[in-house]
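Scroll down for the structure; my scribbles are underneath it.
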Amino acid sequence: MTDSAPFERTLVTSALPYANGHIHLGHIAGAYLPADIYVRYKRLKGEKVLYVGGSDEYGVPITLTALKEGVSPREVIDRYHAANADAFRRLGISYDIYGRTSWDLHVDTTQAFFRKLHDGGYVHAEEMELWYSEQSDRYLPDRYVKGTCPKCGYTDANGDECESCGAQYAPQALVEPRANIPGDDSRPILRKSRHWFLDLPRFADRLRAYLDGHPEWRDNARGIAYSWVNDLRARCITRDTDWGVPIPLDDPEAAAKRIYVWFDAPIGYVTNTRQWGIDVCGDASAWELWWKDPTTRMVHFIGKDNVPFHAVIFPAMLMGQEDYILADQVPANEYLNVFNRATGQAEKGSKSRGNMISVRWALEQFPADVIRYYLCAIAPESKDSAFDWDDFMHRYNGELCDVVGNFVHRSLTMTMKNFDGRVPEAPVFDAEDQAMLDAIPAQVDAVAEALEGFRFRQALERFIDLGRKANVYFDAKQPWVTRKTDLERTGTTLHVCCQVVKALCHAMIPFLPDGASTLSRILGVDLPQGGPDGGPDGWNAAKAPLPAGSPLGTPEVLFPKLDRDRIAELAEAHLRGEAF
Ligand SMILES: [Zn+2]
């Protein structure tokens with residue numbers, strides 16, 4: 008599809024995080040903050056938009072955590088689903104629904120997908136040799152077996168992939184295998200087991216045509232997707248486990264196995280849309296408009312590691328259903344690393360290094376807007392970026408506080424003091440006034456253009472640029488000097504400043520919702536909330552003037568500065584591994 012396609016609504020998804028641990032800032036920068044910025048912008052514009060997310064609650068990492076902790080998988084997912092839903096909410100990630108793949112409804116959706124693919128001849132059974140622990144009397148899928156990587160010799164490699172060199176291999180290729188279950192590190196044997204495979208090669212032509220139709224996707228998504236499509240193999244979609252969606256086949260061998268998590272996880276988007284329709288619209292078929300109507304535009308926000316699933320495998324699964332739409336955009340981010348002050352190097356965030364910053368910890372230290380500002384400013388859109396404490400303080404203090412916060416504050420306090428808290432009259436504009444007023448729609452459009460193109464860093468820069476231009480104007484007009492000699496001139500200057508403040512208020516909503524909410528209260532402007540049904544265009548309303556005489560509330564500091572000593576303390580705590 009191209010821009011000429013007549014889209015009437017947008018379905019936005021963010022990758023479902025595993026309910027197996029706390030979400031961290033790397034996750035947020037990858038798949039959640041950009042999606043939320045996009046959705047908030049669309050809502051403000053009055054477009055129909057639905058934002059769906061949720062927890063991914065099946066899979067080996069969850070059952071392994073449960074085994075290690077001696078609790079049930081249910082206990083693990085309940086704990087982390089609640090924790091992550093709360094972290095997202097407090098960070099302002101504004102889902103219309105945050106669902107769960109453990110819902111009963113998800114069994115129904117997933118089994119319907121499986122059945123349709125099976126009936127269409129896209130799923131077949133095959134005997135395969137898998138590692139089996141005689142001591143525990145069970146198969147050892149994925150991380151249940153460890154060993155030495157056949158490619159690089161790393162001795163803690165997983166059953167089917169090596170975390171050290173990234174190699175993927177058949178389980179039999181693993182060298183020196185050992186069971187990886189609490190109380191069992193015995194040497195496993197290979198045993199035959201029957202599994203079901205999705206016949207991806209049969210979708211090759213359609214997948215290639217799909218990718219060819221999207222030259223506008225980012226290079227990383229296209230590169231990864233094409234390399235998969237050029238080397239498609241049937242993929243096993245079942246596992247020897249009892250934690251997952253049951254296989255809907257009348258086959259005794261299927262009863263002891265479950266559908267594998269990578270198959271059911273993206274179907275979670277469908278399940279959660281169905282649940283949203285039931286809960287919010289009271290209509291069990293409301294979801295179909297969002298998944299089957301060709302005037303719906305679907306956008307998947309993901310991290311780079313999720314490209315194969317969202318640009319190849321899930322589209323194939325949807326093609327096999329026949330009546331579903333496919334994603335029109337798959338904005339995939341690179342990785343957010345962590346700058347290590349001790350070594351002077353950026354390094355990958357990892358649990359074993361203890362260098363990750365959890366969202367819950369970050370929210371104990373800073374307001375949500377502070378975190379959102381920095382993560383958008385350094386968004387890893389085209390290459391990896393790194394969280395760096397010094398950069399964090401300098402960017403936030405130097406850009407958001409000094410440029411936007413400062414301009415808003417001095418404009419509003421001077422208006423308050425000299426014009427009785429009302430937007431002053433402006434009988435005549437001079438050329439500088441007019442240039443500043445003309446910059447408002449130009450800059451607002453520039454932010455919108457970047458957002459429409461999924462360039463969130465650039466959008467934020469253009470927002471800050473409006474603040475920069477406004478400060479230059481303010482300094483040139485010197486209202487603090489003219490107020491002693493020419494009150495009418497001063498009034499005109501501050502009238503123009505109030506117009507910029509109003510535009511900043513609208514334009515900051517997608518990025519900084521708390522600041523926008525405070526500022527809109529001070530300005531007395533109504534910011535429409537929008538949603539799945541659409542609404543008035545509050546984005547372009549940023550360009551409409553705030554009339555002379557409009558009353559203003561008491562100014563507040565929107566973005567308090569970060570203290571250098573406090574940041575140094577937190578950076579030390581992070582280095583000690585206490586930021587999770
Ligand atoms: Zn390796």
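Residue 8 is where the sequence shown starts when you use our numbering, and the numbers rise one by one after that. Where a beta carbon is used, it is the ideal one built from N, C-alpha and C, also for glycine.
Between valine 430 and serine 557, the C-beta spacing is below 8 Å.
Relative to the Cα of aspartate 191, the nearest Cα in the group Asn227, Arg417, Asp219, Ser140 belongs to Ser140.
Ranked by Cα distance from glycine 541, the first of Glu54, Ala90, Asp115, Glu260 is Glu54. Per DSSP, arginine 304 is one residue of the beta strand (DSSP E) stretching across 303–310.
Secondary structure note for glutamate 133: its beta strand (DSSP E) is the uninterrupted segment 130–140.
The secondary-structure analysis by DSSP pairs histidine 31 across a beta bridge with Ser365.
Distances taken from the Cβ of serine 171 to the heavy atoms of ligand 1 include one shorter than 7 Å.
Excluding sequence positions up to five before and after alanine 523, its CB lies within less than 8 Å of the CB of Cys512, His513, Met515, Ile516, Leu534, all in the same chain and listed in chain order.
Segment contact: the stretch 279–292 against the stretch 101–108, three or more CB-CB distances shorter than 8 Å; contact assigned. Per DSSP, valine 19 is one residue of the beta strand (DSSP E) stretching across 16–21. Distances from the CA of alanine 586 to each of Asn27, Leu32, Leu18, Pro301 were compared; the closest alpha carbon is that of Leu32. For lysine 358, the distance from the CB to the nearest heavy atom of ligand 1 is not below 7 Å. Look at the stretch 302–356 and you find these whole runs of alpha helix (DSSP H), each 4 residues long or longer: 321–326. When C-beta atoms of the stretch 335–345 are compared with those of the stretch 295–312, three or more pairs fall below 8 Å, so the two segments count as touching. In this structure, glycine 275 sits away from aspartate 85, with a CB-CB distance that is not shorter than 8 Å. One alpha carbon belongs to leucine 205, the other to phenylalanine 121, and they sit about 9 Å apart. With a cutoff of 8 Å on beta-carbon distance, phenylalanine 463 and alanine 510 are scored as not near each other. When DSSP states are grouped into helix, strand and coil, asparagine 187 belongs to the coil group. According to the DSSP assignment, leucine 205 belongs to no alpha helix (DSSP H) but to the beta strand (DSSP E) extending over 196–205.
In the DSSP annotation of this structure, the continuous segment of the alpha helix (DSSP H) that includes alanine 262 starts and ends at 259–262. In this structure leucine 565 touches leucine 526 by the C-beta definition: roughly 6 Å separates them, less than 8 Å. Within the stretch 49–101, the runs of beta strand (DSSP E) at least 3 residues long that lie entirely inside it are, in chain order, 55–62. For lysine 358, the number of other beta carbons within 10 angstroms of its own is below 16, and it is reported as exposed.
Residue environment analysis places tryptophan 224 among the buried positions, since at least 16 neighbouring C-beta atoms fall within 10 angstroms of its C-beta. According to DSSP, residue pairing for proline 558 in a beta bridge involves Arg429. Annotated as distal: lysine 52 and glutamine 328, with beta-carbon spacing of 8 Å or more. In this structure, alanine 174 has its CB closer than 7 Å to one or more heavy atoms of ligand 1.
The straight-line gap separating the alpha-carbon atoms of valine 366 and glycine 220 is approximately 37 Å. Taking the Cβ of tyrosine 233 as the reference point, every heavy atom of ligand 1 lies at 7 Å or farther away. By the C-beta criterion, the stretch 12–21 is judged to be in contact with the stretch 290–304, since at least 3 inter-stretch pairs fall below 8 Å. Serine 21 and glycine 60 do touch by the CB rule: their CB atoms are close to 5 Å apart, below 8 Å. When DSSP states are grouped into helix, strand and coil, arginine 107 belongs to the strand group. At least one heavy atom of ligand 1 sits closer than 7 Å to the Cβ of alanine 164. Sequence-distant Cβ neighbours of histidine 34 in its own chain, meaning closer than 7 Å and more than five residues away, are Pro24.
If you look at threonine 155, you'll find it isn't in any alpha helix (DSSP H); it sits in the beta strand (DSSP E) that goes 152–155.
An exposed status is given to threonine 561, since fewer than 16 other beta-carbon atoms sit within 10 Å of its beta-carbon.
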